[in-house]
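In the working numbering, the protein residues as written are 41 to 462.
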């Protein structure tokens with residue numbers, strides 16, 4: 041077969057093609073380094089297919105650092121957090137380009153927890169970095185105290201939940217849903233909205249279940265409530281007969297022996313059951329409660345129940361279960377609806393609590409800087425003075441301990457769907 045000669049026009053096109061590919065490879069290589077700076081992380085004014093690549097900045101007055109696990113353990117969470125930050129950065133950019141043009145976003149990949157502290161120290165040594173979003177893991181945030189105290193740099197974690205973080209450093213803040221926050225909210229709702237006073241508790245024997253049970257009990261007692269029974273179970277447990285019978289459950293055959301045919305179920309000493317556990321376990325517990333003649337009684341829980349598993353496993357027995365969470369993407373709140381619409385448009389998926397919390401954390405920081413913060417102390421004081429910030433993860437006030445106090449979402453199962461209680 042005869043090979044046709046390449047024309048000058050074709051040769052010219054090939055040259056441009058190879059130059060373009062070389063530039064693209066060089067740009068991508070720079071972008072995926074463990075640290076990179078971007079002025080506009082994602083141009084959300086255009087569809088994703090036409091969004092430009094992040095542009096490098098050369099001269100900036102202020103920097104916002106981010107330490108996220110974009111590879112290794114927790115990379116899925118890190119990606120959600122990054123997307124929330126990107127959306128916030130661009131939201132403010134659209135509103136006021138002048139206020140954002142002097143900012144540089146510096147993102148570091150911690151590769152799980154491995155590099156978090158060294159990356160934190162490197163960022164802290166740069167005096168232009170006025171605040172750091174992250175780290176994400178509670179253990180790493182706890183280990184950050186010495187570094188942030190030494191360099192007097194505020195960090196703002198959107199995910200760390202350990203109760204031990206509270207008040208550990210004047211420079212550690214978090215915009216995350218803690219077990220203490222959940223326990224307080226469900227106790228307050230039970231007492232002041234449902235008029236309940238006496239409870240049985242079935243809790244998962246792990247950090248989540250224990251912390252949530254303790255927080256619920258502490259807040260409950262402050263309102264004059266009382267826990268009659270408290271029974272733990274293992275996270276992998278499938279049969280809950282010992283725990284259910286311990287709180288008054290009884291089989292039909294045994295019930296007839298005790299009470300005769302005329303009494304359909306046992307007399308309970310409590311008015312509701314609180315189950316701080318995950319949906320896959322609670323979905324198994326719910327029908328077993330009915331089997332042991334515990335029914336027509338309020339069932340309460342934490343954010344572990346906000347999962348399709350609750351309905352998939354629990355079926356009709358999940359109807360009416362009440363629980364809390366820090367974010368609900370189907371909320372009718374206009375702020376949430378706008379956030380969800382934009383997030384789905386540009387990331388082609390639903391946001392989760394990590395992207396919601398990081399979006400709010402970034403928006404809070406950007407607003408503080410927009411309002412005149414020039415250095416680390418200004419940002420720290422701006423966080424400490426934050427009151428009733430109306431974000432997608434609820435109305436937020438930062439406490440002196442560095443924790444965020446939030447108005448949470450109350451949810452229930454209605455007609456086989458999780459819906460917000462209004």
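For each residue, glycine too, the CB sits at the ideal point set by N, CA and C. Treat the numbers as computed from the prediction; the structure is a model and nothing was measured.
- For residue 422, the enclosing alpha helix (DSSP H) stretches over residues 416–424.
- Under the DSSP assignment, residue 147 falls in the beta strand (DSSP E) whose first and last residues are 143–149.
- According to DSSP, residue 451 shares a beta bridge with 363, 460.
- Across the set 161, 156, 101, 198, the C-alpha of 198 shows the shortest separation from the C-alpha of residue 442.
- Straight through space, the alpha carbons of residue 429 and residue 143 are spaced by roughly 22 Å.
- Here the C-alpha atom of residue 307 lies approximately 20 Å from the C-alpha atom of residue 325.
- Judged by their CB atoms, residue 389 and residue 332 are not nearer to each other than the 8 Å cut-off.
- Ranking 342, 334, 419 by CA distance to the CA of residue 319 puts 342 first.
- By the criterion of at least three beta-carbon pairs nearer than 8 Å, the segment 371–384 is not in contact with the segment 281–289.
- Taken through DSSP and simplified to helix, strand or coil, residue 322 comes out as helix.
- Judged by their CB atoms, residue 156 and residue 175 are nearer to each other than the 8 Å cut-off.
- The beta-carbon distance between residue 238 and residue 287, rounded to whole angstroms, is 12 Å. This is too long to meet the 8 Å contact definition.
- In the three-state reduction of the DSSP assignment, residue 240 falls in the strand class, which pools E and B.
- Taken through DSSP and simplified to helix, strand or coil, residue 368 comes out as coil.
- Here the alpha carbons of residue 351 and residue 314 stand approximately 18 Å from one another.
- In this structure, residue 348 sits away from residue 249, with a CB-CB distance that is not shorter than 8 Å.
- The three-state reading of DSSP puts residue 201 in coil, since its state is none of H, G, I, E or B.
- Look at residue 218 here: in three-state DSSP terms it is coil, with no helix or strand label.
- Counting only the Cα atoms, residue 415 lies some 54 Å from residue 355.
- Following the DSSP letters along the chain, one finds residue 341 inside the beta strand (DSSP E) bounded by residues 339–341.
- Going by DSSP, residue 353 is part of no beta strand (DSSP E) but of the alpha helix (DSSP H) stretching over 348–354.
- Bridge partners of residue 312 according to DSSP: 239.
- Between the alpha carbons of residue 106 and residue 365 lies a gap of roughly 25 Å.
- The beta-bridge partner set that DSSP reports for residue 429 consists of 436.
- Three or more Cβ pairs closer than 8 Å define a contact, and the segment 254–262 meets that threshold against the segment 222–235.
- The alpha-carbon separation between residue 159 and residue 406 amounts to approximately 22 Å.
- Pairwise C-beta distances place the segment 418–432 out of contact with the segment 181–189, as fewer than three of them are shorter than 8 Å.
- Judged by their CB atoms, residue 154 and residue 112 are nearer to each other than the 8 Å cut-off.
- Annotation: the continuous alpha helix (DSSP H) that includes residue 258 extends over 247–262.
- Boundaries of the beta strand (DSSP E) harbouring residue 269: 266–273, taken from the DSSP string.
- Residue 448 and residue 461 do not touch by the CB rule: their CB atoms are close to 11 Å apart, not below 8 Å.
- Ranked by how close their Cα comes to the Cα of residue 207, the residues 454, 438, 169 have 438 in first place.
- Residue 226 is positioned such that its CB atom lies closer than 8 Å to that of residue 340.
- Beta-carbon to beta-carbon, residue 213 and residue 370 are separated by about 29 Å, too far to satisfy the 8 Å threshold.
- By the Cβ neighbour-count rule, residue 411 is exposed, with fewer than 16 other Cβ atoms within 10 Å of its own.
- The C-beta distance from residue 228 to residue 275 rounds to 27 Å, too long to meet the 8 Å contact threshold.
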